[in-house]
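See structure below.
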Ligand code: TXA
Ligand code: MG
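Residue numbers (our numbering): 7 to 326.
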């Protein structure tokens, strides 16, 4: 059962929400745009929990919500234009996609393995919650994949009636549509998604036109390019008998792996949420050993397994 807790003036709602977040669980939060399904952006398992709850078919990168510009700067590298936009439009319905900061603590799953990070400072109680938590919250809209975005706590509770989910009720969202997304990188400003902050207002403030992403650049569908996932090594999928001395990305408890030269297991207990949280990190760690070929055991094609297999297939696809 979804549990609705009203956001009241005396702040009693904060403690239960902080408990959930600290336990690595998602909380539905009101923002000025839409309700978000929020969890600790620095905790891969917590982020995987968001994807599982939404039933999202693929790992789109998530927006990281911050409480201050100082927090934003620990996540991303802001050039002058990005800094000025943040100062003008935050808190508010503008997400800035900027290069990941060198020591960015955000889970690779939240950024879908990209070298950029989407950051937004929401207004109101969401910012208060993030400030009290002290870490950024990754949050997509709080709807099951493919459904309409929620703008009331009741929408969220209805959509997740069967989930054990805390829903903070801050009343109807004032903006009601998702944030505008602008990518600020390489000296360019590119509109990735129109939203709650108007293009005109942004252009007027920036003193220039926003660029339109090239359809074939893949920027509009981040994370959909094979090269985002492709390790240097070739990937061989569906390995059921690991060749002697080989490098292995394993999954689950039940296989004989003594002959592997080096193996990392996505989830020794066969938990897809844990496997999703480990996917990019394990692939990178194996690739860092320069193995030539990484053999990958089959992952069940259910739930988060669809997304894991989608990424593995992209990583294994012929290059160039
Ligand atoms: O208003 C909003 O933006 C709401 C509230 C909860 O903040 N959130 C939201 O999240 O709409 P979602 O997951 O439905 O949409 C996030 C979009 C995705 O289309 C994703 O592609 C894009 O943000 N995005 C996030 N990080 C990105 C990145 N590093 N590069 C390009 N696009 C990114
Ligand atoms: Mg959405």
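For every residue, glycine included, the Cβ atom is placed at its ideal position computed from N, Cα and C.
Distance cut-off 8 Å: residue i Cβ against heavy atoms of the ligand TXA
i, result
"residue 41", "yes"
"residue 184", "yes"
"residue 71", "yes"
"residue 147", "yes"
"residue 208", "no"
"residue 309", "no"
"residue 173", "no"
"residue 66", "yes"
"residue 187", "yes"
"residue 103", "yes"
"residue 99", "yes"
"residue 162", "no"
"residue 201", "yes"
"residue 126", "yes"
"residue 197", "no"
"residue 253", "no"
"residue 155", "yes"
"residue 48", "no"
"residue 80", "no"
"residue 159", "no"
"residue 53", "no"
"residue 92", "no"
"residue 118", "yes"
"residue 11", "no"
"residue 123", "yes"
Identity of the residues DSSP links to residue i by a beta bridge
i, result
"residue 217", "196"
"residue 105", "122"
"residue 147", "42"
"residue 333", "Residue 333 lies beyond the stretch modelled for the chain, which goes from 7 to 326, so this question has no answer here."
"residue 269", "254"
"residue 190", "195"
"residue 175", "12"
"residue 35", "42"
"residue 100", "186"
"residue 70", "125 and 144"
Cβ-Cβ separation, residue j to residue i (assumed contact under 8 Å), whole Å
i, j, result
"residue 143", "residue 44", "4 Å"
"residue 38", "residue 181", "5 Å"
"residue 254", "residue 269", "4 Å"
"residue 186", "residue 199", "6 Å"
"residue 249", "residue 301", "7 Å"
"residue 216", "residue 205", "6 Å"
"residue 313", "residue 57", "7 Å"
"residue 167", "residue 8", "6 Å"
"residue 157", "residue 131", "Their Cβ separation, rounded to whole angstroms, is 15 Å, which puts residue 157 and residue 131 out of contact at 8 Å."
Counted within 10 angstroms of its Cβ, other Cβ atoms place residue i as buried (16 or more) or exposed
i, result
"residue 318", "buried"
"residue 124", "buried"
"residue 60", "buried"
"residue 127", "buried"
"residue 14", "exposed"
"residue 225", "Reliability of the predicted coordinates at residue 225 is poor, the pLDDT of 43 falling under 50, and the value obtained from them is presented with this limitation in mind. The residue is buried, with at least 16 neighbouring Cβ atoms inside 10 Å."
"residue 189", "buried"
"residue 279", "buried"
"residue 62", "buried"
"residue 228", "Because residue 228 sits at a pLDDT of 44, beneath the cut-off of 50, its placement in the model cannot be relied upon, and the following sentence gives the value as read from the coordinates. Looking at its Cβ environment, which holds 16 or more other Cβ atoms inside 10 Å, residue 228 is buried."
"residue 203", "buried"
"residue 165", "buried"
Residue i at chain C interface by Cβ criterion, 9 Å
i, result
"residue 295", "Judged by its chain identifiers, the structure shown contains no chain C, having just a single protein chain."
Cβ contact (3+ pairs, closer than 8 Å) linking the stretch 18 to 32 and the stretch 122 to 141: yes
Would you call the stretch 51 to 65 and the stretch 172 to 182 touching, i.e. three or more CB-CB distances under 8 Å? no
Do the stretch 90 to 105 and the stretch 294 to 312 make contact, defined as three or more Cβ pairs closer than 8 Å? no
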